[in-house]
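Asker: I'd like to ask some things about the structure below.
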Amino acid sequence: MTTPQSLKESIKAAAAELGFQRTVIASLEPMETERQEYERWLALGYAAGMEYLKRNPHFRTSPQLLYPEGRSAIVVSVSYYSEVPPPPPGFFGKVARYAVGLDYHAVIRAKLRELNARIEKIAGRKVLAKAYTDDVSLFEQGLAARHGLGFAGRHTLIIGPELMGTYNFVAELITELELDADEPYAGTCGKCFRCGEGCPTDAIEYGVGVNANKCISYLTIENKEGIPLGLRKQLGRWVFGCDVCQDVCPYNQRPNAAPWEEFSPDKGAGHYLDLFSILELETDEAFRERFAHTPLRRPKLRGLARNALAVIGNILAEESQSSDCKITQEDLDKAAAKLFKFIESAPESMLKEHAYWALAQYKCENTRKKLRRFVDRETDSGVSNLAEQYVLSS
Ligand code: SF4
Ligand code: SF4
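Counting with our numbering, you get residues 86 to 479 for the letters of the sequence shown.
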C-alpha cells in the first residue's frame, strides 16, 4: 500500500533516476517574508530593465494562485556543469556555463513531464501537475530555500547538500498531490564574501543581493540598451553571461557534472564564441538558425553583436598593450579592418557606437588616424559625439 511517506520517497527516487541531484517537497503557502525582501530589492531599482520581475510580487510569491489545482511543489535541481577548456587564441568570447548546451527550459520541462508520468504510475492514477523552470511568474528561489533544497548564498544562488555547489538549474513540478513539505536547510555563507570581492563590476551588495544594473549577466542578456561605458571594460571576455561569482565560491570546489547530454557544450554554442562570426550574421533569421534551441537566442542578434563588439574592444586593448601577445599584429590589424567595415554598414547607431569604442581601444597609430577620418565624416549625430570622445582618448 502507498502511504504519504512512501509516495514522497518514491517520487524522490524517481527524480533521482531521471538525473535530478536533489529533490525536496515545498508547500504552496504564500511566501510573506520572501515577498517583503523581494519588494525591498525591487524598490532599490536592482531589477534594472526587467519589467517582468516588477509586476505583481504578491502573485510571484503565492504559488497557489499560480496553479489553483496544486497542493504541493516538487522542487528539483540538476547540474549544468562542464569543464571550461583553455580559450582558443584569437577573437573569442566566453559563454556562461549554464548556456553552453541546449536551451534548458525545453529540456527540463520534458524531464519534469517524464517525472510526472512516473509519479502517475506510482500513484496508480492520473495526477494533475504543471512544470516550471526559470519562470517569471514564480519566485522559485524562495520556494527552494524555504524547504531545504539549500540556502541562498550572497550571490543569490542556491547552495545545498548534494548540489555540490551552485552550477545547477532549479525547477518545480506543482502537483495536485498533498505531500509533506520538507524542512529548511540550515547552511550559511559564514563570513565569506568572495563572490562580492571577485565580481568584476561590484554588482553584489553584502546582505542585499545582486544589483542587476551592474551585473554582466543582465547587461549581456536581458539588457536592451548599450553596455554602459563605465562597465564595458569590466566585461572582459564575457560575451554571454558571467560565472565569476560562482567560480570563486568555495562551495563550488567539486561540482557535480551535468547528467544529461543536452547540457553538453557539443550540443549547443559551446564555451567560446567566434566574435567576428556573430558580426557577420546579416539577418535575424540567420542568427536564429545559428543559435537554434540554445539560450543564446535571448538577447537577439543586436544584443549578441553589441556584446561581441565590447569584447573585441577589450581583446584589442589587452593584446595591443601586453608583452605576452597571443594574437599577431597582422591579425589585430585585420580585426580593426573588419570593424571599420562593420561601421560602414552597421544596422543601427548603438552597434556603430560600440564598434567605434572597440576601435578606440586598439593602441595603434595607423588605426587611430583612420578612426579620426571616420569620425570626421560620421553623419549620425548620436554616434559622432561619443565617437569623438573615443578618438580623443585613444
Ligand atoms: S554574474 Fe558576474 S557580474 Fe553578475 S554578480 Fe556574478 S560575478 Fe558579478
Ligand atoms: S562566495 Fe562565499 S559569500 Fe559568496 S555565495 Fe559563496 S560562500 Fe557565500
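Ideal placement from N, C-alpha and C gives every residue a C-beta, glycine not left out.
Please read these numbers as outputs of a predicted model, since none were measured by experiment.
Go ahead and label V460 buried or exposed: buried means 16 or more other beta carbons lie within 10 angstroms of its beta carbon, across all protein chains shown.
Answerer: Buried.
Asker: Let me confirm a value: Q319 is counted as buried when at least 16 other C-beta atoms fall within 10 Å, else exposed. Which label applies?
Answerer: buried
Asker: Check whether the Cβ of R239 sits closer than 7 Å to any heavy atom of ligand 2, and report yes or no.
Answerer: yes
Asker: Whole angstroms is fine: what's the gap from K309's alpha carbon to R210's?
Answerer: 47 Å
Asker: How about S302: is its Cβ closer than 7 Å to a heavy atom in ligand 1?
Answerer: Within the cutoff, so yes.
Asker: Taking the straight line between their C-alpha atoms, what separation do you get for A472 and Y270?
Answerer: 53 Å
Asker: Can you tell me which of L92, S466, S479 puts its alpha carbon nearest to the alpha carbon of D265?
Answerer: L92
Asker: I want to check one thing, is the minimum distance from the CB of P246 to the heavy atoms of ligand 2 below 7 Å?
Answerer: Checking every heavy atom of ligand 2 against the Cβ of P246, none is found closer than 7 Å.
Asker: State yes or no: is the C-beta of I96 within less than 8 Å of the C-beta of A158?
Answerer: no
Asker: Taking all protein chains shown into account, do 16 or more other C-beta atoms lie within 10 angstroms of the C-beta of Y137, making it buried, or fewer, making it exposed?
Answerer: exposed
Asker: Determine the direct distance from the alpha carbon of I193 to that of T218, and round the result to whole angstroms.
Answerer: Rounded to the nearest angstrom, the two C-alpha atoms are 7 Å apart.
Asker: According to DSSP, simplified to helix, strand and coil, what is Y357?
Answerer: strand
Asker: Closest to L248 by C-alpha separation, out of H439, A184, R458, R339, would be which residue?
Answerer: R339
Asker: Measure the C-alpha to C-alpha separation of E307 and G233 and round it to an integer number of angstroms.
Answerer: 29 Å
Asker: To the nearest angstrom, how far is the alpha carbon of W442 from that of V295?
Answerer: 27 Å
Asker: Would you list the residues sitting across from Y217 in a DSSP beta bridge?
Answerer: E257
Asker: Less than 8 Å between the CB atoms is what I'm expecting for N337 and G250, so what's the real figure, rounded?
Answerer: Correct: roughly 4 Å between the Cβ atoms.
Asker: In whole angstroms, give me the CA-to-CA distance for N399 and D416.
Answerer: Take the alpha-carbon of N399 and the one of D416: they are about 15 Å apart.
Asker: Answer yes or no: the CB of P340 versus the heavy atoms of ligand 2, is any distance below 7 Å?
Answerer: No, since every heavy atom of ligand 2 falls outside the 7 Å radius drawn around the Cβ of P340.
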